[in-house]
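Quick note on my numbering: the sequence shown kicks off at -5 and runs consecutively.
Built from N, CA and C at the ideal position, the CB exists for glycine as well.
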Amino acid sequence: MKNFSSTLIIFSILSILSSCGKILGGKKGEQENITTLRIIAVETTAGVSTIDTFEFSDPDGPGGNNPTRFDTLHLQAGKKYTVALQVLDYSKNPVVDLSPEIVEEGEEHQFFYLSNILGFNVTYSDQDSKGNPIGLNTEWNTPNVGNNGNLQVILKHQPRSKATAPGNINAGETDVDVTFPVIIQ
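So this is what it looks like as structure tokens:
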């Protein structure tokens, strides 16, 4: 029941956020400009949900100016988080939410999560039409003790090369590659 309510909360939040600018950009197969990666993490303890939002934002894209926002992920030790990613293009007006397009083209996309924190685990909660992970929706389990480290979030575009679960991080082109600092207390 907790999983269902946490998932419902995340989908409700994403629906509200994406309704502000839900115009899918470009033609099918065209490279999109990803300026922002938003992480929405819901932790539920004893029926009470805590929602944290973390963001990486680089409005002019790779190169050029430094990112305008680069959050550190602050998580609690020994907790389970239901997590949703939102992929946005703020260079367009209105802002384009690319997350629905990633789901639509799920057989060509996969997020990968790499962490150097011992005991930090990420489990996929979504899949494409062939049953392989996409990674917009995941579950994170933090270790029981405080720890600091990094979490690298990589989105690969893998037309004709997406491997069966757990996937192949070395295939395809990298659309996003952000390493977040993580503090677990």
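- In the DSSP annotation of this structure, the continuous segment of the alpha helix (DSSP H) that includes E95 starts and ends at 93 to 98.
- Straight-line measurement puts the Cα of G140 at about 19 Å from the Cα of T38.
- Distance check between S109 and each of G161, I178, E99 places I178 closest, using alpha-carbon atoms only.
- Put simply, the backbone Cα of Y75 is about 17 Å away from that of N144.
- Put simply, of A78, R63, N59 the residue whose alpha carbon is nearest the alpha carbon of D46 is A78.
- By the CB criterion at 8 Å, D122 and N131 fall outside the cutoff.
- When A71, P94, I148, V97 are compared, the shortest CA-CA separation from L112 is found for A71.
- Closest by C-alpha distance to T136, out of V176, E95, K150, is V176.
- Residue pairing by DSSP puts K74 in a beta bridge opposite N135.
- When the Cα atoms are used, E102 and I28 turn out to be separated by approximately 16 Å.
- In the same chain as G100, and ignoring 5 residues on each side of it, the C-beta atoms closer than 7 Å to its own belong to D122, S123, I128, in chain order.
- Distances from the CA of T62 to each of T44, L31, D91, V42 were compared; the closest alpha carbon is that of L31.
- Counting along the chain, R32 sits inside the beta strand (DSSP E) bounded by residues 30 to 39.
- Taking Q80 as reference, the option from N138, F105, N162 with the minimal CA-CA separation is F105.
- Ranked by Cα distance from L69, the options A157, T168, A35 are led by A35.
- In the DSSP assignment, L79 forms a beta bridge with I33.
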